[in-house]
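Trainee: Residue numbers (my numbering), protein chains in the order written: chain H, 1 to 153; chain L, 154 to 306.
All C-beta atoms in this analysis are idealised placements derived from N, C-alpha and C, irrespective of residue type, glycine included.
Protein chains: 2
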Amino acid sequence: MSSYDEMPGHLVRRLQQAAVAIFHAEVARAGYDMTPVQYAALTAVRRNPGIDQATLAGLIAYDRTTITGVVDRLVQKGFLTRHPSKTDRRARTLCVTERGHIALGEIQPAVEQAQQTMLRGLDKGESREFMRLLAKAVGAVNDLSRAPLKTAR
Amino acid sequence: MSSYDEMPGHLVRRLQQAAVAIFHAEVARAGYDMTPVQYAALTAVRRNPGIDQATLAGLIAYDRTTITGVVDRLVQKGFLTRHPSKTDRRARTLCVTERGHIALGEIQPAVEQAQQTMLRGLDKGESREFMRLLAKAVGAVNDLSRAPLKTAR
DNA sequence: TTCTGTTGATCAGTATACTGATTATCAGTA
DNA sequence: TACTGATAATCAGTATACTGATCAACAGAA
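As structure tokens, then:
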């Protein structure tokens, strides 16, 4: 463990930061200002209309306190609506607006490109193997984070 | 790209967050409160006594504005000293204190354990392959971040 | 030597992430 | 039904990261 290049934590941090920068650049080129976190939340709501914030957090492995601010900004941009649930007065249900749907459609190619660019140093076979190992590693530490992924009930 | 599990950006974010949580837990067990970022900065200064902040940022791929706060906290904890450079009055030179050296020594086993735990889902061969691909991927996107790694002059 | 462009450090502002607490509400039990 | 424990959302506070700006100082060219 003599060099940073041998420390997985350090390398993962750097790849994550590059991924965010790449995402920003690609999305900006499409004319939008949206973060990876906001994009993931928005697509998750699209797939689960009327979802509440806590369930959303579990679906995309976000911390419950983080989701509040993320949703705040998506609502402020006009991409999401947040209304009190009719069945549980504690909960707020989320829905993608018309504008949100349009934005997602226009952003999608940029997002696909960003994922490609992020792994541009790896060939096809390496990318697949990297993704396999990455998913396997993530699955084994899911419960060690405050924001574990929770599959649908 | 139908599932989050197929998006490298999403998986990398989750592994990074798990890595931070694991690091915190292990270091806390050793009796210290230090972040991965602070640890990396401290070890880099130990290896390069008298380094200035900008060079330090390049060595560990941190943003130059981030390093200010990180060094602030390390100085406040008594692990680093920050003095004006004698050769360049813009620069601040950094040195690890006696207390910083002691802390690094006591934290090291926890850090090694954290790196192991982070990859606990992978066997020995998979870990090595994962690290190889991770380093390769990071190297190919180094220049796309605001905080690229810079090798020694 | 003066001018110009660059660099080191910092600041203001924004967006994740987390810890730990609080409040309102729910669901099941005595 | 009253109580108890759990849950949804939020808040205050801290630490990364980034954008873009500022200011002092440096270094090389005219």
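Is Leu247 of chain L closer than 8 angstroms to Val224 of chain L when the C-beta atoms are compared?
Mentor: yes
Trainee: Alpha carbon to alpha carbon, what distance is there between Pro148 of chain H and Gly184 of chain L?
Mentor: 26 angstroms
Trainee: Determine the closest residue to Ala137 of chain H out of L:Gly162, L:Arg167, L:Thr196, with distance taken between C-alpha atoms.
Mentor: L:Arg167
Trainee: Name, please, each residue of chain H whose Cβ falls closer than 8 angstroms to the Cβ of Ser298 of chain L.
Mentor: Arg14, Gln17, Ala18, Ala21
Trainee: Keeping to the same chain, check which residues put their C-beta closer than 8 angstroms to that of Arg46 of chain H; ignore five residues upstream and five downstream.
Mentor: Within the same chain, Arg46 of chain H has close Cβ partners Val96, Gly100, His101, Leu104.
Trainee: With DSSP as the reference, identify every bridge partner of Val249 of chain L, one or two as the case may be.
Mentor: L:Leu233
Trainee: If distances are taken between C-alpha atoms only, which option among L:Ser280, L:Asp241, L:Arg245, L:Thr208 comes closest to Leu233 of chain L?
Mentor: L:Arg245
Trainee: Roughly how many angstroms lie between the CA atoms of Tyr39 of chain H and Met118 of chain H, to the nearest whole one?
Mentor: 17 angstroms
Trainee: Label Gly50 of chain H either buried or exposed according to how many other C-beta atoms from any shown protein chain fall within 10 Å of its C-beta, with 16 as the threshold for buried.
Mentor: exposed
Trainee: From Val165 of chain L to Gln16 of chain H, what does the alpha carbon distance come to, in whole angstroms?
Mentor: Cα-Cα distance, rounded: 6 angstroms.
Trainee: Express the C-alpha separation of Gly222 of chain L and Val294 of chain L in angstroms, rounding to a whole number.
Mentor: Their Cα atoms are separated by approximately 25 angstroms.
Trainee: Measuring only between beta-carbons, confirm whether Leu134 of chain H sits less than 8 angstroms from chain L.
Mentor: yes
Trainee: Does the Cβ of Glu179 of chain L have 16 or more other Cβ atoms within 10 Å, making it buried, or fewer, making it exposed?
Mentor: buried
Trainee: Measure the C-alpha to C-alpha separation of Thr188 of chain L and Pro262 of chain L and round it to an integer number of angstroms.
Mentor: 15 angstroms
Trainee: Return the first residue and the last residue of the alpha helix (DSSP H) that Arg277 of chain L is part of.
Mentor: One point to set straight first is that residue 277 of chain L is Lys, not Arg, in the sequence displayed. Annotation: the continuous alpha helix (DSSP H) that includes Lys277 of chain L extends over 277-294.
Trainee: Can you list, in chain order, the residues of its chain with a C-beta nearer than 6 angstroms to that of Arg306 of chain L? Leave out the 5 residues immediately preceding and following it.
Mentor: Summary for Arg306 of chain L: the model assigns pLDDT 42, below 50, so the residue's position carries little reliability, and this model does not support an answer.
Trainee: Under 8 angstroms between C-beta atoms, does Gly125 of chain H make it to chain L?
Mentor: no
Trainee: Beta-carbon of Pro36 of chain H versus every beta-carbon of chain L: anything under 8 angstroms?
Mentor: Interface residue, yes.
Trainee: Closer than 8 angstroms by beta-carbon distance: list the chain H residues that pair up with Gln268 of chain L, in chain order.
Mentor: Within chain H, Met1, Met7, Pro8, Gly9 have C-beta atoms less than 8 angstroms from the C-beta of Gln268 of chain L, given in sequence order.
Trainee: Where Pro8 of chain H and Ile107 of chain H are concerned, what is the direct C-alpha to C-alpha distance, given to the nearest angstrom?
Mentor: Distance between the alpha carbons of Pro8 of chain H and Ile107 of chain H is about 31 angstroms.
Trainee: Which runs of the beta strand (DSSP E) spanning at least 3 residues fall entirely within the segment 14-97 of chain H, listed in chain order?
Mentor: 80-84, 92-96
Trainee: Give the single residue among L:Phe283, L:Glu282, L:Arg281, L:Asp205 whose Cα lies nearest to the Cα of Lys239 of chain L.
Mentor: L:Asp205
Trainee: For Ala137 of chain H, go through chain L and note every residue whose CB falls closer than 7 angstroms to its CB, in chain order.
Mentor: Within chain L, the residues near Ala137 of chain H are Leu168, Leu272, Gly274, Leu275, Phe283.
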